[in-house]
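Going by my numbering, 25 is the number at position 25 of the sequence shown; the sequence numbering is gapless. Contents: one structure, followed by commentary.
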Amino acid sequence: MASDVVEKLRAGVRDVADFPRKGILFKDITPILSDPALFRASIDLFLERCRGRKIDKIVGIDARGFLFGSAVAYELGVGFVPIRKRGKLPFRTEVASYSLEYGEAEMEMHIDAINAGEQIVLVDDLLATGGTSAAAAVLIRKAGGRLLEAQFLIELEFLHGRKQLEPTAVASFLKY
Ligand code: AMP
Numbered sequence: 001m002a003s004d005v006v007e008k009l010r011a012g013v014r015d016v017a018d019f020p021r022k023g024i025l026f027k028d029i030t031p032i033l034s035d036p037a038l039f040r041a042s043i044d045l046f047l048e049r050c051r052g053r054k055i056d057k058i059v060g061i062d063a064r065g066f067l068f069g070s071a072v073a074y075e076l077g078v079g080f081v082p083i084r085k086r087g088k089l090p091f092r093t094e095v096a097s098y099s100l101e102y103g104e105a106e107m108e109m110h111i112d113a114i115n116a117g118e119q120i121v122l123v124d125d126l127l128a129t130g131g132t133s134a135a136a137a138v139l140i141r142k143a144g145g146r147l148l149e150a151q152f153l154i155e156l157e158f159l160h161g162r163k164q165l166e167p168t169a170v171a172s173f174l175k176y
């Protein structure tokens, strides 16, 4: 991974203080999406990690995981599966709950989205505490999928989200 590409992408992440609530430093990736060279460079980082692997499907997490994951799936020529917040998917779903700072949240996946034995890569924009992606990993494994790796454009290392995801392999490109 070329370090100048990483630095250009890093410069494209906008820090927004106190969003969505006080005390959170939000990593806004919309400047990357709106710049064609940066958007392509970000997708290329995911693709580099996927090269040479037999992947059947990319699973993206609601909502920014859809933006990166679907472009990666398109380029690899594999299927894309959305995992969404509760109540957004129309067909029958499997549900996994996880804890937030206050209370619980739930993620859902269609029951027929993944076939047993399929090789999966999970994609999201950012790994924070790891609760969301750990719930996604539960859904993928419950469906019989083989989760090869979870990939994130950004990782907030000080929150130790990787630990929550164990034993899943984790790759991230911009670390804070
Ligand atoms: P977590 O479950 O704590 O790992 O949170 C990950 C999810 O929340 C991802 O889908 C991110 O898009 C979003 N998220 C959490 N923290 C931030 C942050 N500081 N900036 C931007 N997005 C965040």
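Virtual Cβ for every residue (Gly too), placed ideally from N, Cα, C.
- Going by DSSP, aspartate 18 is part of no alpha helix (DSSP H) at all; its letter is neither H nor E.
- For isoleucine 61, the secondary structure class from DSSP, reduced to helix, strand or coil, is strand.
- With fewer than 16 other CB atoms across the displayed protein chains lying within 10 angstroms of its CB, phenylalanine 19 is exposed.
- In this structure, glycine 79 keeps its C-beta atom at 8 angstroms or more from the C-beta atom of aspartate 112.
- Valine 6 is positioned such that its CB atom lies no closer than 8 angstroms to that of leucine 159.
- By the Cβ rule, the stretch 135-144 counts as touching the stretch 90-102, because three or more pairs are nearer than 8 angstroms.
- Counting only the Cα atoms, phenylalanine 91 lies some 32 angstroms from arginine 51.
- In this structure, the beta-carbon distance from valine 13 to isoleucine 29 falls below 8 angstroms.
- Taking C-beta separations shorter than 7 angstroms and ignoring five residues to either side along the sequence, the partners of aspartate 35 in its chain run Gly12, following chain order.
- Residue burial is scored here from C-beta neighbours: alanine 71 has at least 16 other C-beta atoms within 10 angstroms and is therefore classed as buried.
- Per DSSP, the unbroken beta strand (DSSP E) holding valine 170 starts and ends at 170-175.
- In this structure, the ligand AMP has no non-hydrogen atom nearer than 7 angstroms to the beta-carbon of arginine 40.
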